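Have a look at the structure below, then the notes.
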Amino acid sequence: MLSVENLSAWYDSARILYDLSFNVGRGEVVALMGRNGAGKSTTIKTIMGLIGRRRGTVRFNGEDISRREPYEIARRGLGYAPEDRRIFADLTVMENLDVGRQAPRRFTDGRTLPAWTPQRLFALFPNLAEMPDRLGSRMSGGEQQMLTVARTLMGNPLLVLLDEPSEGVAPLIVEQMANTIIELKKEGLSILLSEQNVHFARLVSDRVYVLEKGHMCWQGSMDALMRDQDVQRAYLTV
Amino acid sequence: MSVLAVRSLCKTFDGFRAVNDVSFAVARGEFLAMIGPNGAGKSTCFNMINGQLAPDSGAILFEGQEISGLEARAVWRLGVGRTFQIAATFASMTVIENVQMALISHAGEIYWPWRPARSLHRERALCLLEQVGMHEAADRPCRELAYGDVKRVEFAIALASEPRLLLMDEPTAGMGPGERNELIALVKKLVVERGISVLFTEHSMDVVFAFADRIIVLARGQLIADGTAADIRDNERVRDVYFGSGKTFAGAAP
Amino acid sequence: MTLSAFFFLILNGLSSASALFFVAVGLSLIFGVSRIINLAHGSFYMLGTYIAYSCATRVGGAFGFWGGILVTALIVGALGALIEIVLLRRIYRAPELFQLLATFALVLVFSDATLYLWGPEDLLGPRAPGLRGAVEILGRHLPSYDLFLAILGPLLLLVLHVTLVRTRFGRLIRAATQDREMVGALGVNQALLFTAVFALGAALAGFGGALQVAREPASLSTDLIAITDAFVVVVVGGMGSITGAYLAAVIIAEVKALCIGLGVVHVGLLSVNFSKFTLVAEFLVMAVVLIVRPFGLLGRMQAAVRTIAEPEDPIRPATPLLKVLGLITLIALACLPLLAHSFPYALILGIDVLIAVIFAASLHFIAGPGGMHSFGHAAYFGLGAYGAALLVKWLALPMGAALLVAPLVALLGALLFGWFSVRLSGIYLAMLTLAFAQIVWAVVFQWEELTGGSNGVIGIWPPPPFDQAWVYFLLCLVLAVIAVLVLRRVLFSPLGYAMRAGRDSELRAEAIGIDVKRVHWLAFVIAGAVCGVAGGLFTFAKGSISPEVIHLNHSIDGLIMVLLGGIQTLTGPIVGASLFAVLQDMVMRDSEYWRALLGGIILLLVLAFPQGIVGALARLFDRARAP
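Residue numbers (our numbering), protein chains in the order written: chain P, 13 to 250; chain E, 1453 to 1706; chain H, 124 to 750.
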């Protein structure tokens, strides 16, 4: 569904990513793992078209989207939930959701997913249901994290890019986030997440790509990663 | 005597009770963790202790002296250092100049209008940077550093004023698991050497359980637990509001 | 004054309030979304009046007037869209002050375009068809058109408010205000959204200007008056708050109306002419509001907007190369008097350049490393200039003493105004400094007995041997070198570092015990005093002084000098000031349309050298050295 070939990216003149190739299948949860600064977030931002200087091809449903603007990419069904949440602080929960709203869309084979509505999202995130009119700035970090994901889902994406969903939130919220990802997978969505927390990634992911200093250095199934203590020690420093 | 004593602290924002009757104390040389769900009032508590917010009621005693309502600068001058959740440094200065600024301020030389600042306290600043392992980057612009390194520099800045109490708001936020443990191990080593007390908030339970001498738990503005790692781990109330089943971190995993 | 007269005044004020609101509301919208301080907004307003005038007189009748107003809004809106697409899109990522420079260039270009199209005379439009009469209220006659305007203002407020709160377009605008990139990543074509908002803002300004055609003549001076009014209203109301803007417009208009209505009031032996306060009324209101509510009436502390401007490099002591270059320049300048016979004008220009250098260097000191973007630096220039001139005129002090007192007067002004200003930041600080400068200007302008009013003070010539241009030039050179070196020395001292620390991260600075406000206040005072030196020198160089030197135009000139050279560099202001002074002199002498030329040059520089000239040179140099 998403296939990335030889993706490279630069910040100013500093190269961050080196010819990354990977793919995410339909209904699959794939984790990008690696240390801080390994290039996980940059990879996600590059796919989303948010890094100006980039090279390589990104195919989504067969179409090359690597030269597209972020909004065009989003309108093709890629959802992006950033690590620093970036919710609109002066807007209420409902308004935040509305900004994310896009028309329902279908897969290439014509199958559709049920469209997301605030009601359905509130069922998924009960905490948000209690505060539809709360301003973003008045929400706690955990609530903001949920709103970020919910807002992205309002765009009815076929694939969600989740950047560090477990970062900086309490363990209980991390657990809820894991359950949410499992729910979304059941709905048929694909998810590419960047993650440092092995315990979290283990709960939700099917496959793993490990990055180190912008290079792809390991790939395989989640089970294989859990068995391979050497890789864990070398690149994830658990 | 405790270094820091907080008594019946309360703070309300627009009718919302952010901190409600919180009391605790930090003993000399203690490494005390404050944990709790997001929005439990940890940051508000912190900001009242460091002088950024004035409490509605309650007392904050630092070495027996009432400090609630003092300005952040005054609290710092008494011997309370701090680091921020999102590391704050002076982006237009080099690494060593960042530390030098803290030393210059500590020496009361901020208003000197003539002598070049870069020549002041350089030796001492280098020494501090060496202790946090950043001396090789001394003359690099601070903004070029990787985030983990910025955190180390920030720690050196906090040490520069020779504080007796250090407030660290999520010191490892935004860091990977490996870096996390390294940084906290370094912090612990240096503060133990100096006899500094530390109050810190943290979401990484691995870090908390491995390093904290004692843990206090805040939820909905109130203190709900206070004890050793073992006590807190087995506390059902904390589990309900904060840990969950513990599947997502190593320390409490079955 | 009777009660009915009072009510009538209030009612009359409401129509002026609507007029103020029309100018301000578009500016507020545009700033809210794009964070661009669009100085050309006043020009949109002015163009609105002119275009509506042409429609009303060429087409004529009710259709020409009322239809013309709508057509005007559309034309100006389209112009706004064009400017957004062609110019502003390229500078969204530039530092805030640079955007200001670009939009000021537009002001110059539009001003001359209007001059070219409509000529220099004020043009009086027809009265509004259908609303020519007057309504009798409380036994007095209120023009129907004024009543119409008084109602139209709140109506527009209502429409806009509902649009922003209830519609998706409004929600997108508010979201983009905080994080435009994220809005894009959520599937919204943000480029289009920005263009739409800019067009809407411009159209509102054009609409407001067009409505004025029946009340006031179209005049070339409207652009700066309108933009100043608009800024005051937006800032007093609170940036981004449209309701706040209306509230502010009402307060300011009413205060002005009352001042006029009260006229001369006798209190005991004292008689106060309140109508003299109209010039400063809005600035007094602004100063008071900002001191009491630092974010305006309905404004909130700005949620941190994601900054995209580049961070600055650490400052380094001068390299040997720079020292040698500086020395060569200095020697060359010191030799300039040798040319006195063949190019006498070179010395006059040289004096202008040196005064500009002191002016710009002192402004850069607080605006660059201090991060305080003063829009009223001319106040301290003016205080120095008038301080010197008045001492000579009234006390017959010698030039030496006057030049010593000049910085002291400026220092006192900076001490007072700075104390309030450093409590604010960003655009609010900019506007408060502007307000103080306008207050100084108005006092000087209206206290004719002391200052000579608009005629200024004349006949302040330097005594021998300074009456010879080359001697005076050398005096300026010596003082300029001292001023620049002192400012530089302070920048490298703990105080200068503390000032930058407070700019980089106030939170961190306070956490290591730096009293940021006091440090910035001190810096503000130093900059003010140094600027006073420039003012003093200016007085004796010209032999006269008029309120013009305190005007907003002069403050903006200073900012342009700083930005031209590059705000992030220490030599930038020197280069920028020199270039600007020379440019202004050459372009101004040779062309009727010097404003447009100057604007064009500025635009070119903005697009070609976004880091300023010295910044661009430094980059080139770095790149050449890099492997």
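In this text, a Cβ means the ideal position worked out from N, Cα and C, and glycines have one as well. Quantities reported herein were computed from a predicted structural model and do not represent experimental measurements.
Would you mind reading off the limits of the beta strand (DSSP E) that contains Leu18(P)? As a working mapping, residue 18(P) is identified with position 6 in the first sequence. Strictly speaking, residue 18(P) in this sequence is Asn, with Leu absent from that position. That run of the beta strand (DSSP E) goes Leu14 to Tyr23.
Let me confirm a value: Ala1705(E) is counted as buried when at least 16 other C-beta atoms fall within 10 Å, else exposed. Which label applies? Taking the second sequence and counting its residues from 1, the one referred to as residue 1705(E) is at position 253. Only weak support is given to the placement of Ala1705(E): the predicted model assigns it a pLDDT of 37, under 50, and the value that follows is read from those uncertain coordinates. Exposed, by the Cβ-count rule.
Short of 6 Å in beta carbon distance, which residues of its chain neighbour Asn1499(E), apart from the five on each side in sequence? Order them along the chain. In the second sequence, residue 1499(E) corresponds to position 47, counting from 1. So the qualifying residues of the chain are Leu1505.
Since Gly384(H) sits in a beta bridge, which residues does DSSP pair it with? As a working mapping, residue 384(H) is identified with position 261 in the third sequence. Gly384(H) is not bridged to any residue.
Quick one: what's got a C-beta closer than 8 Å to Leu534(H)'s C-beta in the same chain, skipping five residues either side? Numbered from 1 along the third sequence, position 411 holds the residue referred to as residue 534(H). Excluding sequence neighbours, Leu534(H) sits near Val648, Gly651, Ala652 and Gly655.
For Leu248(P), which residues of its own chain have a beta-carbon under 8 Å away from its beta-carbon, when the five flanking residues on both sides are left out? In the first sequence, counting from the first residue as 1, residue 248(P) sits at position 236. The residues are Met45, Gly46, Arg47, Gln208, Val210 and Val222.
Helix, strand or coil: which one does DSSP assign to Asn396(H)? Reading the third sequence from its first residue, position 273 is the one you call residue 396(H). Three-state result, Asn396(H): strand.
Whose Cβ in chain P lies nearer than 9 Å to the Cβ of Gly1531(E)? To locate residue 1531(E), count along the second sequence from 1; it is residue 79. None at all; the shortest Cβ gap to chain P is about 29 Å.
Would the beta-carbon of Val609(H) fall within 8 Å of that of Ile1562(E)? Locating residue 609(H) in the third sequence gives position 486, where the first residue counts as 1. Locating residue 1562(E) in the second sequence gives position 110, where the first residue counts as 1. For Val609(H) and Ile1562(E), no; Cβs fall outside 8 Å.
Can you check the region 97-163 of chain P for any beta strand (DSSP E) of at least 3 residues that lies completely inside it and give the ranges in chain order? none
Buried or exposed (CB count within 10 angstroms, at least 16 for buried), Arg241(P): Your numbering for residue 241(P) matches position 229 in the first sequence. Arg is not the amino acid found at residue 241(P); the sequence shown has Gln there. By the 10 Å Cβ count, Gln241(P) comes out exposed.
How big is the Cα-Cα spacing for Thr574(H) and Ile348(H)? For the purposes of this step, residue 574(H) is taken as residue 451 along the third sequence, with counting starting at 1. For the purposes of this step, residue 348(H) is taken as residue 225 along the third sequence, with counting starting at 1. So the alpha carbons of these two residues sit roughly 23 Å apart.
Return no unless some Cβ of chain E is closer than 8 Å to the Cβ of Leu184(P). Locating residue 184(P) in the first sequence gives position 172, where the first residue counts as 1. So, interface residue.
Please classify Met60(P): does DSSP put it in a helix, a strand, or coil? Here residue 60(P) refers to the residue found at position 48 of the first sequence. Three-state result, Met60(P): coil.
Nearest CA to the CA of Asp346(H): which residue from Ala553(H), Ile454(H), Pro437(H) and Phe227(H)? Translated into positions along the third sequence, residue 346(H) becomes position 223. Comparing Cα positions, the closest option is Phe227(H).
Per DSSP, the bridge partner or partners of His389(H): For the purposes of this step, residue 389(H) is identified with residue 266 of the third sequence, where counting begins at 1. In DSSP, His389(H) forms a bridge with Ser394(H).
Using 8 Å as the limit for Cβ to Cβ distance, is Glu199(P) near chain E? Residue mapping note: residue 199(P) aligns to position 187 of the first sequence, counting from 1. Answer no: the Cβ-Cβ gap between Glu199(P) and chain E never drops below 8 Å.
Quick one: measure Cβ to Cβ for Thr164(P) and Gly200(P), integer angstroms, because I've assumed they're closer than 8 Å. Position 152 of the first sequence, counted from the first residue, corresponds to residue 164(P). Position 188 of the first sequence, counted from the first residue, corresponds to residue 200(P). Their Cβ separation, rounded to whole angstroms, is 16 Å, which puts Thr164(P) and Gly200(P) out of contact at 8 Å.
What's the C-alpha gap between Leu444(H) and Leu1578(E)? Working through the third sequence from its first residue, we reach residue 444(H) at position 321. Working through the second sequence from its first residue, we reach residue 1578(E) at position 126. Roughly 29 Å separates the two Cα atoms.
Counting beta carbon pairs with one atom in the region 659-678 of chain H and one in the region 487-507 of chain H, are three or more of them shorter than 8 Å? yes
Residue range of the alpha helix (DSSP H) that includes Thr694(H): Position 571 of the third sequence, counted from the first residue, corresponds to residue 694(H). From DSSP, Thr694(H) is part of no alpha helix (DSSP H); its letter is neither H nor E.
Is there contact between the region 142-161 of chain H and the region 317-329 of chain H, where contact requires at least three CB pairs shorter than 8 Å? yes
Inter-stretch contact at 8 Å, needing at least 3 Cβ pairs: the region 1652-1661 of chain E / the region 134-150 of chain P: no
Give the residues of chain H in contact with Tyr1599(E), contact being defined as C-beta atoms less than 9 Å apart. Residue numbering aside, residue 1599(E) sits at position 147 when the second sequence is read from its first letter. Here the premise fails: no neighbours, minimum Cβ distance about 15 Å.
Along the region 1537-1551 of chain E, where does the CB come closer than 7 Å to a CB of chain H? Name the residues. Ala1540, Thr1541, Phe1542, Ala1543, Ser1544, Met1545, Thr1546 and Glu1549
Mind checking who Trp593(H) pairs with in its DSSP beta bridge? Numbered from its first residue, the third sequence carries residue 593(H) at position 470. For Trp593(H), which the question treats as bridged, DSSP gives no partner whatsoever.
Are Phe778(H) and Ala455(H) closer than 8 Å when you measure CB to CB? Since the first residue shown for chain H is 124 and the last is 750, residue 778(H) is missing from the structure and cannot be characterised.
In the structure shown, what three-state DSSP assignment does Leu1530(E) receive? Indexing the second sequence from 1 puts residue 1530(E) at position 78. Residue state, collapsed to three classes: helix.
If Gln1597(E) sits next to Ala1589(E), beta carbons under 8 Å apart, how far is it from one beta carbon to the other, in whole angstroms? Here residue 1597(E) refers to the residue found at position 145 of the second sequence. Here residue 1589(E) refers to the residue found at position 137 of the second sequence. Strictly speaking, residue 1597(E) in this sequence is Leu, with Gln absent from that position. Sure, about 7 Å apart at Cβ, within 8 Å.
CB of Ala328(H) within 8 Å of CB of His164(H), strictly: Position 205 of the third sequence, counted from the first residue, corresponds to residue 328(H). Position 41 of the third sequence, counted from the first residue, corresponds to residue 164(H). Closer than 8 Å, so yes.
Opposing strand residues paired with Glu75(P) [DSSP bridges]: On the first sequence, residue 75(P) is found 63 positions in, with the first residue counted as 1. Phe72(P), per the DSSP bridge assignment.
Could you list the residues in the region 292-304 of chain H with a C-beta less than 8 Å from some C-beta on chain C, going in chain order? No chain C is present in this structure, whose protein chains are P, E and H.
Output yes if chain H places a C-beta closer than 8 Å to the C-beta of Ile1556(E); else output no. The count along the second sequence starts at 1 and reaches residue 1556(E) at position 104. Output row for Ile1556(E): interface = yes.
C-alpha gap between Arg118(P) and Gly89(P), whole angstroms: Stepping through the first sequence from its first residue, residue 118(P) is reached at position 106. Stepping through the first sequence from its first residue, residue 89(P) is reached at position 77. Computed Cα separation, rounded: 9 Å.
For Ile28(P), count the other beta carbons within 10 Å of its own beta carbon; 16 or more makes it buried, fewer makes it exposed. Which is it? The count along the first sequence starts at 1 and reaches residue 28(P) at position 16. By the neighbour-count rule (16 or more Cβ atoms within 10 Å), Ile28(P) is buried.
By how many angstroms is the C-alpha of Arg1469(E) removed from the C-alpha of Gly1521(E)? Walking along the second sequence from the start, residue 1521(E) turns up at place 69. Walking along the second sequence from the start, residue 1469(E) turns up at place 17. Rounded to whole angstroms, Gly1521(E) to Arg1469(E) spans 18 Å at the Cα level.
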